[in-house]
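Participant:
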Amino acid sequence: MAKRSPIGRRSFLRRGLFFGGAVVAAPHLIPASALGAGNAIAPSERIVMAGFGIGNRGGYDLGCFLNEPDARFVAICDVRKSRREQVKKMIDGKYKNNDCVMYRDYREMLARTDIDACLIATGPNWHAPATMATVKAGKDCYCEKPCTKNIVDSLRLAETVQRTGRVFQGGMQRRNLSHFAYAVNLVHSGRLGKLQSVHAQPRGMKTYMSGWPKGSAPEPPKEVEDWDLWLGPAAWRPYSKGGMRSAFNFEKGGGLVGGGVLEWGSHCVDICQWANKADLSEPIIYNPPGNKEITAEYANGVKLVIRDHGWMKSGSCPVRFEGTEGWVETGDSGDIYVSDPALLKDRGTKSRGYPANNHIRDFLNCVKTRGLPRANHFVTCHTHIACNAANIALFLKRKLKLDPKTYRFIDDDEANRFRSEALREPLRL
Amino acid sequence: MNATRSISLMLATVVLAALLLPYGRACAAEDETKLIAILTSNAPKAEKAITCKKLAIWGTKASVPALAALLPDKELHSWARIALEGMPDPAADDALRAAAGKLQGRLLIGAINSIGERRDEKAIGILIEKLKDKDAGVVSAAGWALGRIGGPKAAQALTEFLPKAPADACATVAEGCLLCADRFAAEGKKDEAIKIYELIRKANVNKQRTIEAIRGLILAKGDAGIPLLLEQVKSEDRQHRGIGLRVARELPGSKATEALMAELKNMKPQQQAFLLMALADRGDRKALPVLLNAIENGPKEAGFAAMNVMEKIGDASCLPVLAKIATSGEQTQAKAAKVALVRLLAEDVNPAIVAALPKASGKIRGLYLELVGLRRVEAAVPELCKYLSDPDAGVRLAAIKGVGAIGDGKQVPDLVAALKKTQDAKERTALESALSGTASRGGPACAAPLRELAKSDDSGLRSIALHALSCAGGPEALKTVKAALDDKDPAVQDEAARTLSTWPNQWPEDASIVEPLLTLAKQGKKETHKILALRGYLQYLRGNKKLSNDDRLAKLNDVVPLAKRPDEKRLICSVLSTIPQGAALEKLTAYAADAAIAQEACLGIVDLCKRRDLKGASKDVRKKALTIAAQKLKNRRAQKDAQGMLKGLK
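So the sequences go chain by chain: A and B. Each residue of the first sequence is one higher than the one before, counting from 40 in our numbering. Each residue of the second sequence is one higher than the one before, counting from 1262 in our numbering.
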């Protein structure tokens, strides 16, 4: 893969200054009019979009997209008829028409040549294959996290997005939130001294292996619920009505070591990667879990501590960065805790929560400019490799060393078996 | 509705448990012989499926026959492939090749996909045969797998087959060709790669594959690919233009930069904006003049785009242009220019700003002073201080803000001196803010000039001194603020009381404030002082984690009689709710009888009763407290919690 591309790296790796809250947070200081997104937008300038498996989280994302005047949703794809109709109603209601076309089979939707970009918000099981299919079909892609299930998925995603020349944004929206940007900038500006450790919350430190539900109900007609498409890349199981309604966790992280660090780690580890200027790399040593923590080590000596305990009242998705001269901790509460109150001098207005508006705007801007959004395919790739590798250490309960050139574990064939998993036919990456 | 949702949630949890098996214990390799025995037995498919997963981790050559036997089973095929695809032993390749000779339709596609993932060169012949299959899905899989394997033989087969590939398989066969070409390019075999890219570009394939081939072609050709790159960048077609802008960021070399710069003048304003962004992403400073020209002379869109990306390649040479726009441009432009100035990364920018300061005047000097603060040029703080007494009010204000942003205790005397010289309210406010910042960074060591300021004849200055002293902290500062409770000016007395009640130095661990607060709460001259002090003291009781529960309760009991108003009683409830003791629960129960604070008291009861470490609270005490809470609470969730706990007690 072209992972060492100069694009992205330059803008990420040089930093010696400290900018106040408003400046660091803004991903799009350029006025909308300069990007062709003013109040009056010609239909030909609109970004024509389609939705892919829009559920609870996807409904939120969709709402953000619908508020952007230069995005226009024309199609929705879902394996469940009730969901298709529900999302169509939301889209048509916004545009006050009946134009949104519903698809059961994503391949039919992706065959449309008028669609520029897709929002993928299926269960995590489908994220990587849907992304691959979307970019190979010549469409840009905003995909919810976790975006991949294993290391090879992550590498292949970056490689394919780069080869196809498409724009990709992973749903790690905290990359575009001011309090996280502020905390990261405290590190980059050197105000915390030399960075020693970065801390991330995984929200769950258990790994899972795939199961097989009892086929308790007859499989409904495909038009109502398409079980085959719902399973997608996951190995075959008999129809399960309840299973279909718990897609959020189904085969998350792959059936081999699902769950674990991936769920929240794809957010928190991502911010830690950013703080450590590791957007194009990841830790190379993963220690076995101990004291309810996993500690990984970057090549530059910085430690990544993944833990669920010991956080301040910083809300969900907390991160903490410790340097030789100070520390900072923040999370979705919007509060920023620091070792020295003077570190908060430039903070600006407090923001809270984890809205995706900025992140979605960042994506739409890049669809037009063809630049790299903040959670682009390289960023997504390396964050997910870190999370997947931590999961493997969690599962095997032993120290792992990752070769940063081959992305294989050194002298550990067993660990290497977790790097990928066969997709159910006919899917491939 | 809620009940339905709860049932759904429970059902989903149960199902999830069936779909995912937790692995809490350490995993050791399982006995492969036993696992193979399961696969060859009449065990249910569910058991065989999970066994395949285990063999994906621990299986060896010995497992291959049993796994291969499952490949024709449409329900277990995918499970068996998970094990075979991940197995390092070549026996897995043999099994997959054998299966490819027997299977058909979807199962054949699965086997071919695994062959492709494993990059089994021995399978090239079989895959070439499969290109002739009647099933377009099989042809696609074979085309993709050949591409994954790569090399001259696979490439030749694919490129020969591409023109005659069935329509349904054409895009994937072209993808296979691209994968071969990419691999050649990565291995340095540029000529082989270029031949394939050219072939795809001219072939009748879907547009996306053409676009990908164009990207590959430009990158493989290097400088020779520049004309094709320019063709894309100025194309009327959105997709071609799009790939042009992407490759404009990827293709290295100054010739490409120059060619793209030269193309700018022929483009429409919006396209100019996009190309300027791409040029900046290249990181080649050669492009700087065109960015500056766009800011000064270009269309509005291009100017904004250039300012937005200036940080990526901009240096000190950009200062005059950006400063001019920042100080005299239209409001939106001025803002964009200022942000660009703050974000400039080059190392020569800060020294250039400092060097430019003495020569600059008016708004430009004010801007540079502000930039020193915003960019945190700490080495320039002494220089900033020179402008604290500048005749130009705007310059003075900018200097004050700059010192406040990055100065420390060493600048406190300068700021105090400036404060003494001005009567202007705006300037005083700015100086107060700057003093707070510098004093908090300087700590107790910088308090001396502030203590002097606290003796000023000007009561306004005395109040400012108190605020700054609270930021500096330390026993001497505290002594001065305490003394100000007896100031001749009642307004300063009030400020002293307010400052003490919110003493921010390492609060709530700064225990030195406790005694003065308690004394003031009990013996303050004014009622407002007593209230402020009590509130501060209660915050200390609630926030100080070093206090034991017994101490906290004892200290609280000591001040309970001082709380006369509902506001303070509410704070007492809040403290009580952090003390997991029966006595605290009983006090909250008593407070619940007071209508003005009943809600806070009842919320405290619920909080305490939830705690597992609640001690000394008999069942009857809890029951009484929760009964009252359940009756009085207006918050439905808390009320439900109270009712639930009450039910548990019965």
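Glycine included, every Cβ here is placed at the ideal spot set by N, Cα and C. Model, not experiment: these values are computed from the prediction.
Would you list, in chain order, the members of the segment 1324 to 1350 of chain B that have their beta-carbon closer than 8 Å to a beta-carbon of chain A?
Facilitator: Hits within the stretch, in order: 1335, 1336, 1337, 1338, 1339, 1340, 1342, 1343, 1345, 1346, 1347, 1348, 1349.
Participant: So which residues on chain A does residue 1423 of chain B lean against when the C-beta distance must stay under 7 Å?
Facilitator: Residue 1423 of chain B sits at position 162 when you count from the first residue of the second sequence. In chain order: nothing, as chain A lies at least about 17 Å away.
Participant: In chain A, what lies closer than 9 Å to residue 1701 of chain B by C-beta?
Facilitator: As a working mapping, residue 1701 of chain B is identified with position 440 in the second sequence. Within chain A, the residues near residue 1701 of chain B are 379, 380, 381, 384.
Participant: Quick one: is residue 1840 of chain B buried, meaning 16 or more other Cβ sit within 10 Å of its Cβ, or exposed?
Facilitator: For the purposes of this step, residue 1840 of chain B is identified with residue 579 of the second sequence, where counting begins at 1. Classification for residue 1840 of chain B: buried.
Participant: With 16 other CB atoms within 10 Å as the buried threshold, where does residue 1910 of chain B fall?
Facilitator: On the second sequence, position 649 is the one that residue 1910 of chain B refers to. Looking at its Cβ environment, which holds fewer than 16 other Cβ atoms inside 10 Å, residue 1910 of chain B is exposed.
Participant: If you compare alpha carbons, which of A:347, A:311, A:387 is closest to residue 367 of chain A?
Facilitator: Residue mapping note: residue 367 of chain A aligns to position 328 of the first sequence, counting from 1. Selected option, being the one with the closest Cα: A:311.
Participant: Taking only three categories from DSSP, how would you classify residue 65 of chain A?
Facilitator: Locating residue 65 of chain A in the first sequence gives position 26, counting from the first residue. In this prediction, residue 65 of chain A has a pLDDT of 48, which is less than 50 and means its spatial position is unreliable; what the coordinates show is noted afterwards. It is coil, neither helix nor strand.
Participant: Does any residue of chain B have a CB that is nearer than 8 Å to the CB of residue 456 of chain A?
Facilitator: Your numbering for residue 456 of chain A matches position 417 in the first sequence. Taking Cβ atoms only, chain B reaches closer than 8 Å to residue 456 of chain A, which makes this a yes.
Participant: Could you name the residues of the same chain whose beta carbon sits closer than 8 Å to that of residue 101 of chain A, not counting the 5 residues immediately before and after it, in chain order?
Facilitator: Along the first sequence, read from residue 1 onward, the residue named residue 101 of chain A stands at position 62. Excluding five sequence positions before and after residue 101 of chain A, the CB atoms of its chain that fall closer than 8 Å to its own CB belong to 90, 93, 112, 126, 129, 130, 158, 160, given in chain order.
Participant: According to DSSP, is residue 1433 of chain B helix, strand or coil?
Facilitator: By one-based count along the second sequence, residue 1433 of chain B stands at place 172. Three-state result, residue 1433 of chain B: helix.
Participant: Starting from residue 1356 of chain B and walking both ways along the alpha helix (DSSP H), at which residues does that stretch end?
Facilitator: As a position in the second sequence, residue 1356 of chain B is number 95, starting the count at 1. Looking at the DSSP string, the run of the alpha helix (DSSP H) that includes residue 1356 of chain B is 1352 to 1363.
Participant: Relative to the ligand NAP, is the shortest distance from any of its heavy atoms to the C-beta of residue 1391 of chain B smaller than 7 Å?
Facilitator: Absence of the ligand NAP from the depicted structure is noted, as is the absence of any ligand whatsoever, leaving it without description.
Participant: Hey, does residue 1644 of chain B have any beta-carbon neighbour from chain A nearer than 8 Å?
Facilitator: The count along the second sequence starts at 1 and reaches residue 1644 of chain B at position 383. By this cut-off, residue 1644 of chain B is not an interface position.
Participant: Please report the straight-line C-alpha distance between residue 462 of chain A and residue 152 of chain A, rounded to a whole angstrom.
Facilitator: The residue labelled residue 462 of chain A in the question sits at position 423 within the first sequence. The residue labelled residue 152 of chain A in the question sits at position 113 within the first sequence. Each residue's Cα considered, the two are about 27 Å apart.
Participant: Should residue 1897 of chain B go down as buried or exposed, given a rule of 16 or more other Cβ atoms within 10 Å for buried?
Facilitator: Taking the second sequence and counting its residues from 1, the one referred to as residue 1897 of chain B is at position 636. Under this definition residue 1897 of chain B is an exposed residue.
Participant: Unbroken alpha helix (DSSP H) runs of length 4 or more, entirely within the segment 78 to 120 of chain A: which are they?
Facilitator: 95 to 105
Participant: Identify which residue in B:1826, B:1596, B:1801, B:1825 has its Cα closest to the Cα of residue 1816 of chain B.
Facilitator: Locating residue 1816 of chain B in the second sequence gives position 555, counting from the first residue. It is B:1801.
Participant: Is there at least one Cβ from chain A nearer than 8 Å to residue 1367 of chain B's Cβ?
Facilitator: For the purposes of this step, residue 1367 of chain B is taken as residue 106 along the second sequence, with counting starting at 1. With 8 Å as the cut-off, residue 1367 of chain B counts as an interface residue toward chain A.
Participant: According to DSSP, is residue 1780 of chain B part of a helix, a strand, or is it coil?
Facilitator: Position 519 of the second sequence, counted from the start, is the residue given in the question as residue 1780 of chain B. DSSP places residue 1780 of chain B in helix when its eight states are reduced to three.
Participant: At least one CB of chain A closer than 8 Å to the CB of residue 1493 of chain B: is that the case?
Facilitator: Start at 1 with the first residue of the second sequence, and residue 1493 of chain B comes out as number 232. No, residue 1493 of chain B lies away from the interface with chain A (no Cβ there is under 8 Å from its Cβ).
Participant: Using only the alpha-carbon positions, how far apart do residue 116 of chain A and residue 458 of chain A sit?
Facilitator: Along the first sequence, read from residue 1 onward, the residue named residue 116 of chain A stands at position 77. Along the first sequence, read from residue 1 onward, the residue named residue 458 of chain A stands at position 419. Whole-angstrom Cα-Cα distance: 30 Å.
Participant: What is the DSSP secondary structure of residue 362 of chain A, counted as helix, strand or coil?
Facilitator: Working through the first sequence from its first residue, we reach residue 362 of chain A at position 323. In the three-state scheme derived from DSSP, where H, G and I count as helix and E and B as strand, residue 362 of chain A is classed as strand.
Participant: Beta-carbon separation of residue 216 of chain A and residue 360 of chain A under 8 Å?
Facilitator: Here residue 216 of chain A refers to the residue found at position 177 when the first sequence is read from its first residue. Here residue 360 of chain A refers to the residue found at position 321 when the first sequence is read from its first residue. In this structure, residue 360 of chain A does not lie closer than 8 Å to residue 216 of chain A by Cβ.
Participant: Looking only at C-alpha atoms, which of B:1893, B:1874, B:1598, B:1867 sits nearest to residue 1905 of chain B?
Facilitator: To locate residue 1905 of chain B, count along the second sequence from 1; it is residue 644. Closest by alpha carbon: B:1867.
Participant: Spell out whether any CB of chain B is found under 8 Å from the CB atom of residue 101 of chain A.
Facilitator: For the purposes of this step, residue 101 of chain A is identified with residue 62 of the first sequence, where counting begins at 1. No - not a single Cβ of chain B is within 8 Å of the one on residue 101 of chain A.
Participant: Under DSSP, the beta strand (DSSP E) around residue 182 of chain A begins and ends at which residues?
Facilitator: To locate residue 182 of chain A, count along the first sequence from 1; it is residue 143. Residue 182 of chain A -> beta strand (DSSP E) spans 179 to 182.
Participant: Using 8 Å as the threshold, is the C-beta distance between residue 1400 of chain B and residue 1447 of chain B below it?
Facilitator: As a first step, residue 1400 of chain B must be located in the second sequence, where it is residue number 139. As a first step, residue 1447 of chain B must be located in the second sequence, where it is residue number 186. In this structure, residue 1447 of chain B does not lie closer than 8 Å to residue 1400 of chain B by Cβ.
Participant: Taking just the CA atoms, how far does residue 340 of chain A sit from residue 225 of chain A?
Facilitator: The residue you call residue 225 of chain A lines up with position 186 of the first sequence. The residue you call residue 340 of chain A lines up with position 301 of the first sequence. So the two alpha carbons sit approximately 19 Å from each other.
Participant: Considering only the alpha carbon of each residue, which of A:86, A:301, A:353 lies closest to residue 154 of chain A?
Facilitator: For the purposes of this step, residue 154 of chain A is taken as residue 115 along the first sequence, with counting starting at 1. Ranking the options by Cα distance to residue 154 of chain A, first place goes to A:86.
Participant: Can you pull the chain B neighbours of residue 8 of chain A, defined as C-beta to C-beta under 8 Å?
Facilitator: Here chain A covers residues 40 to 468 and nothing more, so residue 8 of chain A does not appear.
Participant: I'd like to know whether the C-beta of residue 66 of chain A is nearer than 8 Å to at least one C-beta of chain B.
Facilitator: Locating residue 66 of chain A in the first sequence gives position 27, where the first residue counts as 1. For residue 66 of chain A, the predicted structure reports a pLDDT of 45, less than 50, and the residue's modelled location is therefore unreliable. A value from the coordinates is still provided. No - not a single Cβ of chain B is within 8 Å of the one on residue 66 of chain A.
Participant: Pull up the distance between the alpha-carbon of residue 65 of chain A and that of residue 202 of chain A, whole angstroms please.
Facilitator: Taking the first residue of the first sequence as position 1, residue 65 of chain A is located at position 26. Taking the first residue of the first sequence as position 1, residue 202 of chain A is located at position 163. With a pLDDT of only 48 at residue 65 of chain A, under the threshold of 50, the placement of this residue in the model should not be trusted, and no figure is reported.
Participant: Would you mind telling me which residues of chain B sit closer than 8 Å to residue 2 of chain A, beta carbon to beta carbon, in chain order?
Facilitator: Residue 2 of chain A cannot be examined here, being either before or after the span of chain A that is shown, 40 to 468.
Participant: Leaving out five residues before and five after residue 394 of chain A in sequence, what residues of the same chain have Cβ atoms less than 8 Å from its Cβ?
Facilitator: Indexing the first sequence from 1 puts residue 394 of chain A at position 355. Excluding residues within five positions, the ones whose Cβ falls inside 8 Å are 103, 212, 216.
Participant: Going by alpha carbons, who is nearest to residue 139 of chain A out of A:114, A:148, A:349, A:147?
Facilitator: Mapped onto the first sequence, residue 139 of chain A falls at position 100. Checking every option, the nearest Cα to that of residue 139 of chain A belongs to A:114.
Participant: Got a sec, what are the start and stop residues for the alpha helix (DSSP H) residue 494 of chain A sits in?
Facilitator: This structure does not reach residue 494 of chain A, given that chain A is present from 40 up to 468, and the question cannot be answered.
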